Ligand code: GDP
Ligand code: IMO
Ligand code: MG
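Numbering (this note's numbering), first residue to last: 26 to 469.
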């Protein structure tokens with residue numbers, strides 16, 4: 026399969042989700058990775074679940090970049106990622122068991138922060154604390170300790186980084202302090218929510234962490250320096266975003282977001298490469314809308330149509346297995362996501378899921394307080410009150426999973442693609458019609 030001209034002309038490319046996650050970023054990264062030298066994750070942690078289906082085999086990646094399935098690529102976990110050594114070690118074992126040769130093709134930033142066992146506990150306790158309050162909604166986090174780890178990163182005195190794993194004496198000293206703080210704060214929190222608290226022991230945590238991290242140490246590097254060198258040597262870099270623009274901690278649907286800059290702005294802080302080096306930002310968009318976890322979603326469907334999308338799209342979380350909420354494509358939210366991520370092109374994914382619907386709707390505005398608005402309200406309450414206004418397009422009945430060109434798509438599928446592209450004003454350059462690597466239409 027030949028790459029289109031726009032892709033050949035771009036040296037460095039970023040892949041960013043433009044909805045609430047699970048747009049098919051993993052599939053797209055895998056499809057493009059063969060043409061790149063380096064694939065880099067810059068944000069998030071094991072809250073991400075990126076699925077790749079290659080040669081009929083399905084891989085679910087959480088921390089390791091999806092480029093790992095291509096033997097010619099170096100795969101980098103950047104400093105902006107928060108990583109749980111035990112999760113990462115398990116993922117590498119799983120990859121090896123599936124016949125993927127990780128070899129010397131992985132690098133882990135010495136500046137990435139460590140998700141520790143108490144972060145997962147804290148994640149659960151904070152959600153339980155919200156539940157005890159009658160007028161607050163739980164965030165519905167993945168309970169992977171992501172929020173607490175990024176919070177400790179900002180707090181500093183309770184944070185640990187990959188580089189701390191190198192000096193066991195120093196790590197032990199830091200852990201003594203952190204564990205004392207966590208026992209005081211989390212012990213009180215557990216009493217508040219009525220969850221039994223087992224006092225944390227620094228020595229046990231130290232031992233488990235070192236055991237989990239032992240196999241990772243050969244991969245640790247100053248990845249910012251490594252990436253700068255790769256760029257200066259003319260090698261091609263593919264950035265793999267995790268989570269998505271509407272989950273961005275600054276520009277997403279706060280507070281129902283994740284704790285990192287999941288839009289493209291996270292690239293620069295999360296890799297150490299300066300702004301402006303990326304030639305194309307490919308925004309990954311599902312042909313409809315999904316969300317897992319809590320938070321407002323104006324186009325959510327609670328009816329048979331939503332259930333059908335879930336069934337056809339197999340919309341269950343890669344990380345937590347939770348059913349994803351489904352609804353029509355929200356173009357108001359998409360315009361916002363394009364703006365904040367600087368997307369230059371769109372990859373429209375899972376178009377095949379929409380086959381067989383009599384009509385297809387897209388939300389082009391909201392009705393709020395008696396007014397028609399085209400901007401995403403800042404507050405969760407404002408977004409929850411927004412009523413979607415739809416344009417209706419004719420559906421297509423034919424299955425399209427075997428289509429490999431735009432011309433092969435049914436006319437109404439092409440009309441749908443064209444209507445979206447016209448509304449958002451940037452080209453749709455990739456259309457995905459099935460989970461497999463090859464079920465992809467690349468457009469010039
Ligand atoms: P990510 O987090 O953005 O990488 O997406 P996930 O892997 O969590 O979820 C996307 C799901 O859709 C996975 O199960 C993919 O295998 C699947 N998928 C990706 N592209 C397509 C497509 O074009 N059609 C269909 N039917 N499934 C797809
Ligand atoms: P990928 O990379 C879908 C959601 C969670 C929750 C909120 C906060 O696979 O697209 P967190 O554990 O990050 O504190 O949870 O964000 N969320 C995702 N939803 N896909 C993801 O990643 C997500 N990462 C976080 O469901 O609502
Ligand atoms: Mg996912």
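Note that beta-carbon positions come from the ideal geometry of N, C-alpha and C, so glycine has one too.
Note that the structure is predicted; figures quoted are calculated from it, not measured.
{"Query": "Does the beta-carbon of residue 141 have 16 or more other beta-carbons within 10 angstroms, so that it is buried, or is it exposed?", "Result": "buried"}
{"Query": "Quick one: residues with CB closer than 5 angstroms to any heavy atom of ligand 3, in chain order, please.", "Result": "47, 74, 343"}
{"Query": "DSSP has residue 14 in a bridge; who is on the other side?", "Result": "For the chain, the structure presents residues 26 to 469; residue 14 sits outside this window and is missing."}
{"Query": "For a minimum of 3 consecutive residues, which ranges assigned as the beta strand (DSSP E) are wholly contained in the region 338–396?", "Result": "350–352, 370–374, 384–393"}
{"Query": "Residue 457 bridges to which residues according to DSSP?", "Result": "465"}
{"Query": "Which one of 256, 258, 321, 147 has the shortest CA to CA distance from residue 204?", "Result": "147"}
{"Query": "Could you give the residue range of the beta strand (DSSP E) that holds residue 306?", "Result": "305–311"}
{"Query": "Please classify residue 50 as buried or exposed, where buried requires at least 16 neighbouring CB atoms within 10 angstroms.", "Result": "buried"}
{"Query": "Please confirm if the region 99–109 is in contact with the region 118–138, defined as three or more CB-CB distances below 8 angstroms between the two stretches.", "Result": "yes"}
{"Query": "How about residue 312 and residue 379: are their beta carbons less than 8 angstroms apart?", "Result": "yes"}
{"Query": "Give a single yes or no on whether residue 460 has its beta carbon closer than 7 angstroms to a heavy atom of ligand 1.", "Result": "yes"}
{"Query": "Helix, strand or coil for residue 204? Go by DSSP, reduced to three states.", "Result": "helix"}
{"Query": "Could you check if residue 321 is buried or exposed, using at least 16 other CB atoms within 10 Å of its CB as the buried criterion?", "Result": "buried"}
{"Query": "What does residue 424 pair with, by DSSP beta-bridge criteria?", "Result": "Answer is none; residue 424 lacks a bridge partner."}
{"Query": "Can you tell me whether residue 132 is buried or exposed? The criterion is at least 16 other CB atoms within 10 Å of its CB, across all chains shown.", "Result": "buried"}
{"Query": "If the criterion is Cβ atoms closer than 8 angstroms, does the pair residue 417 and residue 386 meet it?", "Result": "yes"}
{"Query": "By alpha-carbon positions, which one of 425, 261, 115, 196 ends up nearest to residue 97?", "Result": "261"}
{"Query": "Assuming residue 68 contacts residue 291 under a Cβ cut-off of 8 angstroms, what Cβ separation, rounded to an integer in Å, is found between them?", "Result": "4 angstroms"}
{"Query": "Since residue 61 and residue 252 should fall inside the 8 angstroms C-beta cutoff, what is the C-beta to C-beta distance between them, to a whole number of angstroms?", "Result": "With a Cβ gap of about 12 angstroms, residue 61 and residue 252 do not count as contacting."}
{"Query": "Would you call residue 329 buried or exposed, if buried means 16 or more other Cβ atoms sit within 10 Å of its Cβ?", "Result": "exposed"}
{"Query": "Note the first and the last residue of the continuous alpha helix (DSSP H) segment covering residue 144.", "Result": "142–157"}
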